[in-house]
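For reference, the structure is listed below as structure tokens.
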Amino acid sequence: MKIVSLLTICIIQIVFLPITHCRADLIDQTCKQTPNYNLCVSSLKSNPRSSATDTDVKGLAIITVEVLKSKANDTLNKIWAQLLRHEDPAVRNCYDHYGYMVGAFIPDIYGDITSRGVGGNFVRYNPVQAERRLHDDVIRRVDHCRHGFGKGRRSPFGKENKATREAAVVAAAIYSAVLY
């Protein structure tokens, strides 16, 4: 009985070890094409779907957009809390920029990479458009928030802006280097 159990465990390891190794290689190869390898790897590996057997580069790109959305939402919540304490035009400007990102631009980016046609209808899969949106609509708006406090004033959202911007840059690099 022990031999059968040991044999079963060995067979399971032999079958599933290459799959896990392939996923790690895919993440490694994909993240090497980004400007922030460590952020890319940690973001992807923290999501259990990145190690699924059917995950491809497109799946990894989708995960990076979800990471971006989470970071942008966290920043938006911090901005909102600041606005509730004190109305400030620069903070309001950041709130507007992040509101557009979370409410419109990031969902559009997600749609550009995930949409499919049904029954011959329009297919919106467009990674080129997704990359452009990341640069034009997300990174640019983060920079506007970051620099919108004028001379002598630092943004109270510096850490959050940096995290959101870095996530967007990693996502854009994956779209740029891998998807088309």
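Heads up: the sequence shown begins at 5 in my numbering, then just goes up one per residue. Each residue gets a CB set at the ideal place from its N, CA and C atoms; glycine is no exception.
Let me know if R53 comes out buried or exposed under the rule of 16 or more other beta-carbons within 10 Å of its beta-carbon.
Your numbering for residue 53 matches position 49 in the sequence shown. It counts as exposed.
Just the Cα atoms here: how many angstroms apart are A94 and F161?
The sequence position of residue 94 within the sequence shown is 90, counting from 1. The sequence position of residue 161 within the sequence shown is 157, counting from 1. Looking at the two C-alpha atoms, the distance is approximately 11 Å.
Tell me which residue opens and which closes the alpha helix (DSSP H) that K82 is part of.
Locating residue 82 in the sequence shown gives position 78, where the first residue counts as 1. Start and end: V61 to R89.
Judging by CA-CA distance, which residue of L138, D147 and D92 is the nearest neighbour of K166?
Position 162 of the sequence shown, counted from the start, is the residue given in the question as residue 166. Per the Cα distances, D147.
So does the region 33-45 actually touch the region 78-92, counting three or more Cβ pairs closer than 8 Å?
Taking 8 Å as the limit for Cβ pairs, the verdict is that the region 78-92 does not touch the region 33-45.
Assign R145 to buried or exposed, taking buried as 16 or more other Cβ atoms, counted over all protein chains shown, within 10 Å of its Cβ.
In the sequence shown, counting from the first residue as 1, residue 145 sits at position 141. Answer is buried; the Cβ neighbour count reaches 16.
Using 8 Å as the Cβ pair cut-off and three pairs as the minimum, do the region 57-69 and the region 148-160 touch?
As far as the Cβ criterion goes, the region 57-69 does not touch the region 148-160, which means the pair count is below three.
Quick check: the Cα distance between V61 and L30, rounded to an integer number of angstroms?
Reading the sequence shown from its first residue, position 57 is the one you call residue 61. Reading the sequence shown from its first residue, position 26 is the one you call residue 30. When rounded, the distance between both Cα atoms is 7 Å.
Closer than 6 Å by C-beta to D141: which residues in its own chain qualify, once you throw out the five before and the five after it? Chain order, please.
Here residue 141 refers to the residue found at position 137 when the sequence shown is read from its first residue. Answer for D141: F109, listed in chain order.
Taking the alpha-carbon of D78 as reference, which of Q133, V106 and N97 has the nearest alpha-carbon?
Walking along the sequence shown from the start, residue 78 turns up at place 74. The candidate whose alpha carbon is nearest that of D78 is V106.
Please name the residue, chosen from N130, P111 and R136, that lies closest to A187 on a Cα-to-Cα basis.
Residue 187 lies beyond the residue range present for the chain, which begins at 5 and ends at 184; the question has no answer from this structure.
Given a cut-off of 9 Å on the beta-carbon distance, is the pair A171 and L72 in contact?
Working through the sequence shown from its first residue, we reach residue 171 at position 167. Working through the sequence shown from its first residue, we reach residue 72 at position 68. Yes, the pair counts as a contact, with Cβ atoms nearer than the cut-off.
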